Amino acid sequence: MKKILVCLDTDPQPSVFDGIVAIDAGVDHLFRHAGVEPADVRDLVHGALFTRGGSDLRNTAIFIGGSDVQAGELLMAATEEAFFGPIRVSVMHDSNGSNTTAAAAVVAARRHLPFGPETIAAVLGTGPVGQRVARMLAQEGVEVRFASRRMARAEAQCHHIAQAVEGARLTPYATEGAGVSRLLDGAQLVVAAGAAGIELVDEDSQRAACSLRVAIDLNAVPPVGLAGIQPQENAAVYNEQVRYGALGIGSLKMKIHNKAIARLFETNDAVLDADAIYSLGKKITATGCL
Ligand SMILES: NC(=O)c1ccc[n+]([C@@H]2O[C@H](COP(=O)([O-])OP(=O)(O)OC[C@H]3O[C@@H](n4cnc5c(N)ncnc54)[C@H](OP(=O)(O)O)[C@@H]3O)[C@@H](O)[C@H]2O)c1
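Take any residue in the sequence shown, note its place counting from 1, add 31, and you have its number in this note's numbering.
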């Protein structure tokens, strides 16, 4: 039976990237819906449930994408509400690649740093990817300094994560007008999740932060987010710091994304949210695929 992925995207145009990755991961047909709102979800999901019955249901799955991770969370909740009992299909949420990219970055950092209350991480950029990096680190018990240009946005995002992660230790930071030295002071890990082509930390600030052990930049478009890190760096050691560039992280991100799509079609009840995708990333690393 053909594998069908129903893509529910919150943006006006469905993501081309997500479509190509799905086909490369073995999906036969994509049904792509754009501009999807929570009120649209029930009927779209029922269309996926009532066509194939019994064990054939595992050949249909739902993928939630788009550039707004919180709008994606609402579609995810509406999707789960539309299922009843065993009449359901597998579902994955990865708005802007947020869960798969963040899982790859946090799994990479975990190879070099003990995660626990003694670890301090600075995360820059409160877009979809930054939100998920901060959430996964907070879930691991790491103390997270979450930085935006504007304090109000940093505070709002910290509040949102604290609602999802019990005991999360998050401090909002504003970088506009204040720079990054206070943010980096005493941190062992920095993850730059800024927009493409925006430098967030210059080389001098990075060098001055002598507590840093791991530096991860997710922006591949020049200028990169952490000046001096080449996009292809993959656990490169420089001045006693382990460094990853966007392409170095990207190869693990693609492995996680591909495995997650394949997982959707193994049963009809997989729920691949931030936590499940992070667990998948840890499993892939444990089996030595990094
Ligand atoms: N390596 C990979 O495999 C991979 C996969 C997916 C995405 N990415 C990359 O990961 C990064 C984050 O993705 P995303 O979707 O979360 O990005 P995004 O939403 O485009 O931007 C992230 C954040 O960057 C900050 N920002 C935007 N414009 C800025 C400016 N002019 N100056 C300073 N900061 C600015 C904003 O944070 P504040 O408003 O809080 O300041 C924004 O929320 C991007 O560079 C993306 O290309 C990499």
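Just so it is clear, CB atoms sit at the ideal spot from N, CA and C, and this is done for glycine as well.
None of the values given here were measured: they were computed from a predicted structure.
Counterpart residues of residue i in DSSP-defined beta bridges
i	result
residue 38	63, 94
residue 124	95
residue 55	The partner list for residue 55 (beta bridge, DSSP) is empty, contrary to what the question assumes.
residue 118	115
Residue span of the alpha helix (DSSP H) that contains residue i, given as start and end
i	result
residue 272	Residue 272 -> not in any alpha helix (DSSP H); beta strand (DSSP E) instead, spanning 272–275.
residue 229	Neither: residue 229 is in no alpha helix (DSSP H) and is coded neither H nor E.
Distance between residue j and residue i (C-alpha atoms, nearest Å)
i	j	result
residue 117	residue 269	52 Å
residue 305	residue 259	30 Å
residue 266	residue 91	38 Å
residue 297	residue 123	13 Å
residue 294	residue 288	10 Å
residue 184	residue 75	33 Å
residue 318	residue 138	13 Å
residue 167	residue 249	16 Å
residue 302	residue 195	16 Å
residue 224	residue 171	19 Å
residue 152	residue 109	33 Å
First and last residue of the uninterrupted beta strand (DSSP E) at residue i
i	result
residue 174	174–179
residue 192	Where residue 192 is concerned, there is no enclosing beta strand (DSSP E), although the alpha helix (DSSP H) it sits in stretches over 182–195.
residue 200	200–205
residue 268	265–269
residue 152	151–155
Among the options, nearest to residue i - alpha-carbon criterion
i	options	result
residue 229	149, 256, 309	256
residue 49	146, 274, 94	94
residue 52	234, 281, 307, 243	281
residue 142	273, 291, 284	273
residue 57	35, 77, 106	35
residue 81	115, 54, 97	115
Near ligand 3: residue i beta-carbon under 8 Å from a heavy atom
i	result
residue 277	With respect to small molecules bound, the structure shown includes ligand 1 and not ligand 3.
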